[in-house]
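Below is one structure; the comments refer to it alone.
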Amino acid sequence: MLVQLLLAAQVLVPAYSANTSRYAFYRDIGVGVEGSRRVFGGAVAGVGEGGTACALLDRFWVARCSGAVLALRWVLTAAHCVSPRLSYVKYNTRRHPTTDGDVAPVHYLYMHPGYKVVQEDEGHGVDVTVLHHDVGLVRTRSDMLLVAAPSRDPLVAMKLYDPEEITGEEVQVFGYGRTERSVLGEELFCVRLVMSRCARGSWVHCVCGAARDLRGVCSGDSGGPVHYKGVQIGVTSMGPVECGGGGGAARGATSVFTALRRYADLINDTIHDTDSALRMRVISRASLHCLRDHVMLSALTLLTLGVLS
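Pasting the structure below:
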């Protein structure tokens, strides 16, 4: 079923067949549109919103995905974002290309051991037909102290709500990208969507988000946090392919999130290195050039601010 938000908060439940969209990871959808990843239909996040959100950067300072700071040296993101190209985490900032905020170099990258994605053409173009366990972690070399830290431990709060049981409820989706109104590069944005069930049963532990404005489901960034009542309940995975053209999605299209409640224990075990047979597996250790780059960039930032002059 697909749940759509109507005026006066009324909910309709159309048939699955209404959704004819093909899907792709958000990190790939907006690339190349006016020189940047685009967030179609999003709005800049307000002060105090999305305080845990962070940008995952490569060694050239280019944002590859979004994530959320979970603990002093840990970031939660999507498994499909976990790549040896990731070098830094930029946090405590609304605009990652600026000198605002803080940076921590990446140390280790983790991926759910059962992560699986199948992209194939079923006659209408390439589509993500299978998605399992799209959850990953990034461990940093230095502590990350949030300016706007959440009031509750994210790992504990993650178990409060089951995203698969809150169909029809409104959620906030955060991520970094360039909206139609952005003038200062990629910014932290927020979009409000209504939770719905996904059309494909082969997307394991996934939930979807619908919008009254069909452009709303084009707002997303891979790995970005999904909040319900101030608690992160999901990570953003995919969106409709047609969003990349700059227009709205097809009727019935949704955003796709990975629900976190079932992964809370696994994430906790990985972070605290407890004796668990199903801990996330390390897939990469960041190279030492990342640390050298970080030192050089830190010095450059201090020079820019006049501290070392």
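So the sequence shown is residues -17 to -1, 1 to 292, counted in mature numbering (1 follows the signal peptide of the UniProt record, and there is no 0). All C-beta atoms, glycine included, are put in the ideal place defined by N, C-alpha and C.
C-alpha gap between residue i and residue j, whole angstroms
i      : j      : result
Arg262 : Cys48  : 23 Å
Leu176 : Thr253 : 30 Å
Ala132 : Ala36  : 10 Å
Cys226 : Cys189 : 20 Å
Pro208 : Leu120 : 13 Å
Val218 : Arg234 : 23 Å
Gly158 : Cys173 : 7 Å
Gly50  : Gly108 : 29 Å
Arg5   : Asp83  : 37 Å
Pro96  : Arg245 : 14 Å
Met141 : Phe240 : 14 Å
Arg68  : Ala7   : 20 Å
Glu170 : Val52  : 17 Å
Three-state secondary structure assigned by DSSP to residue i
i      : result
His210 : strand
Pro133 : coil
Pro96  : coil
His107 : coil
Tyr74  : strand
Ala247 : helix
Thr253 : helix
Cys181 : coil
Ala194 : coil
Val16  : Unreliable placement is indicated for Val16, whose pLDDT of 47 sits below 50; no coordinate value is reported for it.
Below-8 Å beta-carbon distance, residue i vs any chain D residue
i     : result
Ala51 : Looking for chain D here will not work: only one protein chain is present.
Selection from the options that minimises the alpha carbon distance to residue i
i      : options                        : result
Tyr71  : Cys181, Glu148 and Phe43       : Phe43
Arg78  : Val45, Gly97, Leu55 and Val58  : Val45
Leu243 : Leu59, Leu55, Leu128 and Arg10 : Leu59
Tyr74  : Leu129, Ser125 and Leu92       : Leu129
Ser125 : Pro88, Leu53 and Val52         : Pro88
Neighbourhood of residue i by C-beta distance below 6 Å, restricted to the same chain and skipping five residues each side
i           : result
Asn251      : Leu138
Leu114      : Val100 and Trp186
residue 293 : A query on residue 293 cannot be resolved here, the shown segment of the chain reaching from -17 to 292 and no further.
Sheet register partners of residue i (DSSP bridge)
i      : result
Thr241 : Cys189 and Val218
Asp41  : Leu69
Cut-off 8 Å between Cβ atoms - residues of its own chain near residue i, not counting five sequence neighbours on either side
i      : result
Asp104 : Asp110
Cβ shell of residue i (< 7 Å), same chain only, five flanking positions each side left out
i      : result
Leu143 : Val214
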